[in-house]
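See structure below.
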Amino acid sequence: MSRLVWNELTPKDRYVVRMKRPLSFAELGYVTQLYLPIIGSDSFSLYMLLVHEVQEESGAAVESTHRNLMLISGHSLDRLLSARERLEALGLLTVRRRENLQRDYFYEYLVKPPLTPHEFFADYVLSLMLLNKVENIRYLQLRQKYADPLGAALDQEYTITDNITKDFHEVFQSLKPSELEVHRGSEREHFLSDLEKRYPAAPMEAAFEPSVDHPLSLSSLRHYLPDNAKADQVFSRDGVELLYKLHHFYQLDSWGLGQELRDWTLYRPDGSLDSEILRKRLIQRYTDGKLSRTLPKPIPGEEEWGPGQLPEAGSEMFVRICRQLSPLILLEKVVGGRVSKVFLERAETLVFHDGMTSEVVNALLLHTLSSMQMELPKAYLETIRDSWKAKRIATVDEAVRQILDRAEQKAQHVEKTKTSKASKETPLRRNGRAVLQDKLPASVEWQLSQEREPRPQQEAPNQVKTIEDDPELKKMLESLRKRKKGV
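As structure tokens, then:
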């Protein structure tokens, strides 16, 4: 199906160019050396044209029409639109369409700086796209061109650093508060206010950090679907929820997930996506190391935990990583690399089969690893899972309360057990060694108990009342006493 460009853009549509911040000569070189092979000459020339339409000294916006762009570049409208979209995809341009009350459209092109070479080569997708375009020899030359061996050697050899930079108030100590006061209604206030209205500065940002977004875009995923897939079936409510879960769990961007959705065997006869087959496919692809993923940025303080050291339940770090990391990323951090298929399947089942939220799954995994010596036994995991599902645990805060309550109950049980053992009678000891005590015969025990009971006074004096009165029992008692004394 051909694209109707005139429904999206017309030559008479006006546009204005802004810049996020001024571009340096070196950054223009980055676009030439690193981006040009990927975006092509049409996009490169359009980027340079837009950059130089902005007034360099002030960053002020310039208005024009797309017809002028067509005349200057010599490109047709559809070719111009394709070149613009490639700039958008690589994070070099942001396009906004403004509209007034008269339904008049105005396009705003926000030109953004490129990534630095360090950031560019750290991006898995961009670096491989460049390598595929320029091949090994040119790619090696670019890496050498933007390498910093001296800086790397300095970081390795001189590891102790001390920041001795002076701040503003250390240098400008003589600055008085009166010099910075602007009184309301004064001539100076009117002067500054008038300038703000008549000559507003261009909204550029000195601290802007360029980046390429690789989020999950449903519109881009449509282009990856095979002919036997029906988009309305794939992107149903349940289907979209599944795709976003897979995106978060495996850290897949639109390109990575789109490569998996290309396979026509994933779809049923009615054109819908078979979620079970897709899940099994992703598990196997991860196990084989063939899954294209975009790893998240490190969490502040993440170096404080890892293999052999887990965050304490209820701590700030525990809650933070449960909320921000996917269960798979958490397990990879725990084991220090790619996890086994068993670990992956157990975490995946909790999310996709049992329907637990990612933050609760993270709390359950950390609790199990901590309690079971860095293992994930299935029986223990399912016991806690069933308990939490029955209690409708849906947030990490609720999960932490369950963990702490369980730990408190266990501690009370241990203390009660210790107290019970301590209260039992300790064995008789001589010279540090326990002395075995023979149990008295039942007849002797009974006779002794009878002696402890009060006797009625009307009993006859000549009746046998004690062991001393019975020669046989007296002899047996004396023999037992001698054995206790070790005689």
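Whatever position you read off the sequence shown (first residue = 1), add 4 for our numbering.
All residues carry an ideal CB built from backbone N, CA and C; glycine is no exception.
Quick caveat, the model's predicted, so the values are computed rather than measured.
Rounded Cβ spacing between residue i and residue j (contact assumed at less than 8 Å)
i, j, result
"R147", "F125", "7 Å"
"R22", "L114", "5 Å"
"E112", "R100", "4 Å"
"S296", "L246", "Rounded, the Cβ-Cβ distance is 19 Å, inconsistent with contact."
"R363", "R327", "Residue identity check: residue 363 is Glu in the sequence provided, not Arg. Yes, they are in contact, since the Cβ atoms of E363 and R327 sit about 5 Å apart, within 8 Å."
"L119", "D127", "7 Å"
Beta-bridge partners of residue i, as assigned by DSSP
i, result
"E112", "V20, R100"
"S68", "Y19"
"L277", "Y271"
"Q313", "G310"
Nearest candidate by alpha-carbon position, reference residue i, set the options
i, options, result
"L84", "L50, L277, E57, L265", "L50"
"Y228", "D127, L265, K149", "L265"
"V138", "H194, Q37, G340", "Q37"
"N232", "T120, D274, D171", "D274"
"G293", "S344, P302, R142, L32", "S344"
"W309", "L295, R327, G340", "G340"
"L132", "T169, I42, I76, E67", "I42"
"P300", "F356, S362, Y254, N72", "Y254"
"Y19", "R327, E89, E67, F29", "E67"
"W259", "H417, M74, V129, D409", "V129"
"G318", "K284, E379, I407, R342", "I407"
"S223", "T372, A93, L144", "A93"
"P381", "E349, E103, P181, L158", "E349"
"S28", "E60, S45, D46", "E60"
"D46", "N72, H79, G63, A64", "H79"
"I397", "K422, I281, T361", "T361"
Alpha carbon of residue i to alpha carbon of residue j, nearest angstrom
i, j, result
"T14", "F110", "11 Å"
"A87", "V35", "14 Å"
"L256", "P311", "24 Å"
"I287", "L368", "21 Å"
"L270", "K234", "12 Å"
"T399", "E352", "18 Å"
"V468", "A415", "Note on V468: pLDDT 49, under 50, position unreliable in the model; the coordinate value appears next. Roughly 57 Å between the two C-alpha positions."
"F48", "L40", "6 Å"
"A383", "E336", "22 Å"
"K420", "L385", "27 Å"
"Y248", "D390", "25 Å"
"G95", "E57", "19 Å"
"V355", "L370", "15 Å"
"H187", "L196", "12 Å"
"Q237", "R272", "10 Å"
"Q106", "D17", "14 Å"
"E12", "R241", "28 Å"
"P153", "Q160", "11 Å"
"T291", "H357", "19 Å"
"E482", "S375", "57 Å"
"I388", "E316", "18 Å"
"K478", "E412", "56 Å"
"R192", "P181", "16 Å"
"G44", "I141", "20 Å"
"R289", "V244", "21 Å"
"G359", "V365", "10 Å"
"E185", "T165", "39 Å"
"T169", "R285", "54 Å"
"T378", "V346", "Per the sequence shown, the amino acid found at residue 378 is Met instead of Thr. In a straight line, the C-alpha of M378 is about 13 Å away from that of V346."
"M321", "L314", "10 Å"
"A30", "G63", "18 Å"
"T298", "R102", "33 Å"
"T98", "N72", "20 Å"
"Y143", "A156", "20 Å"
"P465", "M480", "A caution first: P465 carries a pLDDT of 48, below 50, which makes its placement in the model unreliable, though a value can still be read off. Taking the straight line from one Cα to the other gives about 24 Å."
"S77", "S190", "51 Å"
"P204", "A65", "11 Å"
Within 9 Å, strictly: CB atoms of residue i and residue j
i, j, result
"E402", "K393", "no"
"L225", "F239", "yes"
"V323", "V404", "yes"
"I325", "L332", "no"
"L250", "L261", "yes"
"H122", "Y162", "no"
"H252", "S330", "yes"
"L53", "H70", "no"
"K201", "P117", "no"
"L75", "V55", "no"
"W268", "P230", "yes"
Below-9 Å beta-carbon distance, residue i vs any chain D residue
i, result
"L368", "Reference to chain D is not applicable here, since this structure consists of a single protein chain."
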